[in-house]
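Participant: What follows is a structure written as structure tokens; I'll ask about it next.
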Amino acid sequence: MTGDDHGGGGPLLPTGNDPDRRDVAKGPVLSFAVGLSAVASCVPLRPPAVPPGALPERILVRTNGRIAAVPLEDYVLGSVLAEITPLNESAATVDRIYEVQAVLARTYAAFNVSRHASEGFDLCDATHCQLYEPARIGTSRFAMAARAAVRRTAGVVLTYEHQPVDALYHADCGGYTASSDSVWGGSAVPYLLAQPDDMPTLTHRVWEVTVPIDRLRLTLDADPRSQVGGHLDDLEVLERDVGGRAIRIGIFGDRSPIIRGEELRAIVNQSLGAGAILSTRFSIMRTGDAFVFRGSGFGHGVGLCQVGALARARRGESLDAILGAYFRGVGLARLPNAVWPAW
Ligand SMILES: [Zn+2]
Ligand SMILES: [Zn+2]
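So the sequence shown is residues 17 to 359, counted in my numbering.
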């Protein structure tokens, strides 16, 4: 990782969702780099760990294998600089997108603070939770803008019924966001709904990946959820959500398991790399001795779409408008124990 670009050769997108995934994929010609607050294939929703109406004072974050106790707003700053690099944007857009990301990062931390409690810390520094790279505070050209955005929003979180929400986000919804229950199962969350993400100036990513059938069979066989046996005949999307995401996929071979779309993505990417199947908004075609996945978007699709939020920031939309476009019926609140950072 160098500078602000998540590696050389242009903006790259961390690909979210799988624990410990640090691979990156070549992005399209995007002018920024984003990461995902990912939530692994487990059910993502846990009750808030902080008392109602309170923010965690410090986050115990595991970074480079060590656990550091970081004041909340310092954690937010180290996260937003790792999650977003708004290259070639106007100063106003930079300011707004860092405000958006600061509220997301803080809200995510407040809601998910006990995520790694059984391991003795709160959050990890990878896409499994949120990216966190405190070194960027000293190196990023956006440090000053991000710092000011964090300070302007200090203590502010997204709330639903007066509680911090599970502030999920992803790089690119592909044109339609997803509800949390359709992606991971569990019960519906009133503010995490599937909806179109359309605007004249907003372009979502399209992609295609070809996987040789033998490679796919070995990959599927390596995971108990998708074991197909000696040969693989077909893959078929059995159910899609309202936005076109593959929810249930039938695997046909010696054995014929049915798995969730996000499980298939995780299993395949575990073997082929995080940049293989970028989202479950895909179609599957058999061509000769390979399967071709054609899709749009990048990430799980739940909550805020980062390319969409950036397009809205460019249009001069307010912080409330941008967040309100992706989280239904939420409010913004500065919690009573907000602490303004010393910087
Ligand atoms: Zn984590
Ligand atoms: Zn979108």
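Positions of the beta carbon are idealized from the N, C-alpha and C atoms, including for glycine.
These numbers were taken from a predicted model, which means no experiment stands behind them.
Return yes when the Cβ of Glu278 is within less than 8 Å of the Cβ of Trp200, no when it is not.
Facilitator: Closer than 8 Å, so yes.
Participant: Tell me whether His316 is buried or exposed, calling it buried when 16 or more other Cβ atoms sit within 10 Å of its Cβ.
Facilitator: Classification for His316: buried.
Participant: What number of angstroms, rounded off, separates the C-alpha of Gly43 from the C-alpha of Ala170?
Facilitator: Note that Gly43 scores a pLDDT of 29, beneath 50, so its modelled location is shaky; the value from the coordinates is reported in the next line. Cα to Cα, Gly43 sits roughly 31 Å from Ala170.
Participant: What is the rounded straight-line gap between the Cα of Val173 and the Cα of Leu232?
Facilitator: Those two C-alpha atoms are separated by around 42 Å.
Participant: From this set, Ser287, Pro216 and His132, which residue's C-alpha is nearest Ala327's C-alpha?
Facilitator: Answer by Cα proximity: Pro216.
Participant: Which residue comes first and which comes last in the beta strand (DSSP E) that contains Ala306?
Facilitator: Its beta strand (DSSP E) spans residues Ala306 to Ser312.
Participant: Leaving out five residues on either side along the sequence, give the residues of the same chain with a beta carbon under 6 Å from the beta carbon of Arg112.
Facilitator: Cβ neighbours of Arg112 beyond the five flanking positions: Ala329.
Participant: CB of Gly202 to nearest heavy atom of ligand 2: below 7 Å?
Facilitator: Gly202: no, Cβ never under 7 Å from ligand 2.
Participant: Take Val181 as the anchor and find which of Leu339, Ala358 and Trp356 has the nearest alpha-carbon.
Facilitator: Looking at the Cα atoms, Leu339 is the closest of the given residues.
Participant: Would you call the stretch 299-315 in contact with the stretch 84-102, where contact means no fewer than 3 C-beta pairs closer than 8 Å?
Facilitator: Flag = no, the stretch 299-315 and the stretch 84-102 do not touch.
Participant: What does DSSP give as the partner residues of Gln179 in its beta bridges?
Facilitator: DSSP output for Gln179 lists Tyr176 as bridge partner(s).
Participant: Would you say His186 touches ligand 1, meaning its beta carbon is less than 7 Å from a heavy atom?
Facilitator: No.
Participant: Determine, using beta carbons only, whether Asp214 comes closer than 8 Å to chain D.
Facilitator: Annotation note: the requested chain D is absent from the structure, which comprises a single protein chain.
Participant: Bridge partners of Trp223, per DSSP?
Facilitator: Trp223 is bridged to Gly311.
Participant: Output the distance between the C-alpha atoms of Ile274 and Ser242, rounded to the nearest integer angstrom.
Facilitator: Distance between the alpha carbons of Ile274 and Ser242 is about 7 Å.
Participant: Could you tell me the alpha carbon to alpha carbon distance between Gly19 and Leu88, rounded to whole angstroms?
Facilitator: Any reading at Gly19 needs caution, since the residue's pLDDT is 32, under 50, leaving its predicted position unreliable; the model's value is listed next. Rounded to the nearest angstrom, the two C-alpha atoms are 24 Å apart.
Participant: For Val323, which of Val166, Phe137, Ala187 and Glu333 has the nearest alpha-carbon?
Facilitator: Of the candidates Val166, Phe137, Ala187 and Glu333, the one whose C-alpha sits nearest the C-alpha of Val323 is Ala187.
Participant: Return yes when the C-beta of Asp213 is under 7 Å from any heavy atom of ligand 2, and no when it is not.
Facilitator: At least one heavy atom of ligand 2 is nearer than 7 Å to the Cβ of Asp213, so yes.
Participant: Would the C-beta of Ile142 count as close to ligand 1, meaning under 7 Å from any of its heavy atoms?
Facilitator: As written in the sequence, residue 142 is Ala, which differs from the Ile given in the question. Ala142: yes, Cβ under 7 Å from ligand 1.
Participant: Go ahead and pull the three-state DSSP assignment for Glu122.
Facilitator: It is worth fixing the name first, because residue 122 is Arg in this sequence and not Glu. Correct three-state label for Arg122: helix.
Participant: Starting from the Cα of Tyr91, find the closest Cα among Leu103, Ile100 and Arg122 and give me that residue.
Facilitator: Here the closest residue by C-alpha is Arg122.
Participant: Evaluate Pro228 with the Cβ neighbour count: other Cβ atoms within 10 Å of its Cβ, from every protein chain shown; 16 or more gives buried, anything less gives exposed.
Facilitator: Answer is exposed; the Cβ neighbour count stays below 16.
Participant: Where DSSP assigns a beta bridge to Phe137, which residues make up the other side?
Facilitator: DSSP lists no partner for Phe137.
Participant: Which word fits Ser134, buried or exposed, when buried means at least 16 other C-beta atoms lie within 10 angstroms of its C-beta?
Facilitator: Exposed is the call here.
Participant: How is Gly345 classed by DSSP in three states: helix, strand or coil?
Facilitator: Correct three-state label for Gly345: coil.
Participant: Which same chain residues, not among the five before or five after Leu280, have their C-beta less than 6 Å away from its C-beta?
Facilitator: The answer, listed in chain order, is Ile265.
Participant: Which residues in the same chain as Arg167 place their Cβ atom closer than 7 Å to its Cβ, once the five residues preceding and following it in sequence are excluded?
Facilitator: Cβ within range, chain order: Trp356 and Pro357.
Participant: Could you tell me if the beta carbon of Cys145 falls within a distance shorter than 7 Å of some heavy atom in ligand 1?
Facilitator: Yes, the Cβ of Cys145 comes within 7 Å of a heavy atom of ligand 1.
Participant: Residues in its own chain within less than 6 Å of Ala341 by CB, not counting five upstream and five downstream?
Facilitator: Nothing meets the Cβ criterion.
Participant: Using the C-alpha atoms, what's the distance from Pro150 back to Asp138?
Facilitator: Taking the straight line from one Cα to the other gives about 16 Å.
Participant: What are the start and end residues of the alpha helix (DSSP H) that includes Ser299?
Facilitator: Where Ser299 is concerned, there is no enclosing alpha helix (DSSP H), although the beta strand (DSSP E) it sits in stretches over Phe298 to Thr303.
Participant: Check whether the Cβ of Arg131 lies closer than 7 Å to any heavy atom of ligand 1, and answer yes or no.
Facilitator: Result yes, Cβ under 7 Å from ligand 1.
Participant: What residue from Leu76, Arg152 and Leu248 has the CA that sits closest to Ser95's CA?
Facilitator: Selected option, being the one with the closest Cα: Arg152.
Participant: With distances taken from CA atoms, which of His132, Phe298 and Ala107 is nearest Ala372?
Facilitator: Lying before the first or after the last residue shown, residue 372 is absent from the chain, which here runs from 17 to 359.
Participant: Would Leu294 and Gly311 be called neighbours here (beta carbons separated by less than 8 Å)?
Facilitator: Yes. Within cutoff.
Participant: Mind checking whether Cys145 and Asn128 have CB atoms under 8 Å apart?
Facilitator: Going by C-beta atoms, Cys145 is nearer than 8 Å to Asn128.
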